[in-house]
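First residue of the sequence shown? That's 529 in our numbering, and the numbers climb one at a time after it.
Don't be surprised by glycine CBs; every beta carbon is placed ideally from N, CA and C.
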Amino acid sequence: MSRLKSLRTVARASMLAGLLAGAMGAQASAVNGRSIEALITSGALPDTPAARVDPNTAASPFSGVVSINIVSAAGSFICSGALVDQYHVVSAGHCVDDDGLGHVIDLKKPGNSVRVIFNASSVVGDPGRAVIAANRVDINPGYQGFGNCPAGVPGFCVNDDVAVIQLSAPAPAAAKTYKLYGSAVGEGTVFTMVGYGTSGDGWNGYTVSPAFRVKRSGKNVYDFTETDDEAHFAAGSAREVWYADFDGTAPDGTVIDTFCDPSVLGVARCGVSLGNAIESNIGGGDSGGPSFVLVGDEYQLVANNTFGFSMGISPRGGFGDGMGGILLDPYRSWIRSTVPEPDSLALLAFGLAGLAVARRRRK
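Next comes the structure, spelled out in structure tokens:
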């Protein structure tokens with residue numbers, strides 16, 4: 529089934545009641561007259577949003593998952609991201625898109641800023657709670673604004689929504705860094721999603737606001753893929769976008785598995801529910817946050833989380849809604865070209881130190 533057919537079918541079923549592309553209303557767009565805002569939601573009682581909260585300690589496997597505050601003329605927004613070395617965070621392009629057309633925020637413009645908030649400690653004043661300004665931001669060159677497709681490609685495109693944020697100072701030593709997962713993944717893979725966004729539960733939808741110091745985690749099963757928009761979504765092209773649905777059981781006992789309904793995607797995509805205490809949705813502010821796969825006892829970065837959409841079955845954010853993001857394997861070479869290898873950073877620091885010594889000697 530083509531990508532265009534699948535997304536259009538999802539759009540019809542959901543009435544596009546909010547493709548949540550995560551910066552809590554940043555750079556809003558519209559499709560078919562419906563607002564598109566460019567989330568982690570728990571299952572249902574006895575599960576609650578509070579049960580998903582990370583303890584914010586150095587021992588947490590998610591101590592390197594950060595919140596991000598983006599400030600520009602458009603307002604002040606929250607996103608999430610993952611530390612990949614002591615100076616770089618991988619997030620979403622739309623979080624740092626200044627005009628909705630893929631143009632990165634100008635950090636030299638007065639009033640503009642991108643600040644990265646670490647939560648490797650819950651103790652006020654601890655270095656693990658550092659707030660570090662960015663001094664450079666890069667958006668993948670294929671990203672042209674949330675929903676915008678390459679020239680000649682019809683429809684609504686969410687591909688290429690990846691950004692790298694460079695810190696002006698090293699991250700706290702207590703914050704973990706994450707490797708990129710070593711290869712591509714396929715449908716049926718369990719993703720662990722982490723972020724600072726809007727929360728709630730499967731029955732009531734979104735009820736809890738995002739917060740820079742409160743991160744949550746949950747899991748879902750990657751159900752289906754969309755391929756490369758620049759290749760007109762050819763079947764053999766790079767697998768760039770992942771999708772999942774929020775499975776659960778309604779109060780009346782009805783089992784909700786949206787993608788299992790052929791009228792939604794044109795074919796039944798029946799995923800395995802991870803159960804009420806594990807299965808999760810994402811929410812506004814989770815954009816750019818990581819999806820991990822567990823390799824042994826190590827969480828490795830496999831994707832980011834960038835959008836969600838209401839299917840109209842439950843309150844917005846509840847059971848039946850869909851979500852997704854960007855699979856990072858096709859962007860591996862771009863990320864590596866944007867993030868210097870650790871040895872390169874070490875050599876740069878050594879070189880600068882040597883230059884300073886030489887200058888002092890000349891004096």
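Asked: Straight-line gap, glutamate 758 to proline 678 (C-alpha atoms, nearest Å); Found: 6 Å
Asked: 8 Å contact criterion, which valine 644 and isoleucine 633 should meet: CB distance rounded; Found: Contact flag wrong, Cβ pair sits at about 14 Å.
Asked: In DSSP terms, what lysine 747 is bridged to; Found: Thr720, Glu807
Asked: Residues that leucine 855 bridges to, as DSSP identifies them; Found: Ala831
Asked: Rounded separation between proline 655 and isoleucine 784 - CA only; Found: 44 Å
Asked: Cα-Cα separation, arginine 744 to glycine 710; Found: 25 Å
Asked: Buried versus exposed call for valine 651 [16 or more other C-beta atoms within 10 Å across all chains shown]; Found: exposed
Asked: Contact under 9 Å by Cβ, valine 823 with valine 718; Found: no
Asked: Reduced DSSP category for aspartate 654 - H, G, I as helix; E, B as strand; rest coil; Found: coil
Asked: When Thr834, His616, Met839 are compared against alanine 697, the one with the closest alpha-carbon; Found: His616
Asked: Residue of Leu855, Asp626, Gly728 minimising C-alpha distance to tryptophan 770; Found: Leu855
Asked: Lysine 629 classed as buried or exposed, judged by whether at least 16 other C-beta atoms fall within 10 angstroms; Found: Per the sequence shown, the amino acid found at residue 629 is leucine instead of lysine. Under this definition leucine 629 is an exposed residue.
Asked: N-terminal and C-terminal residue of the alpha helix (DSSP H) that isoleucine 906 is part of; Found: What the structure shows of the chain is the stretch from 529 to 891, and residue 906 is not part of that stretch, so it cannot be assessed.
Asked: Host alpha helix (DSSP H) of proline 790 (start-end); Found: 790 to 793
Asked: Where proline 682 falls: helix, strand or coil (DSSP); Found: coil
Asked: Three-state secondary structure (DSSP) of alanine 578; Found: helix
Asked: DSSP three-state assignment for serine 872, whether helix, strand or coil; Found: Confidence in serine 872 is poor, its pLDDT being 47 and thus under 50, which makes the residue's placement unreliable; the coordinate value appears in the next sentence. In the structure shown, serine 872 sits in a helix (DSSP, three-state: H, G or I).
Asked: Under the three-state DSSP convention, the category glycine 621 falls into; Found: helix
Asked: C-alpha distance - glycine 892 paired with phenylalanine 646, whole-angstrom precision; Found: With the chain covering 529 to 891 only, the question about residue 892 has no answer from this structure.
Asked: In DSSP terms, what serine 608 is bridged to; Found: Ser595
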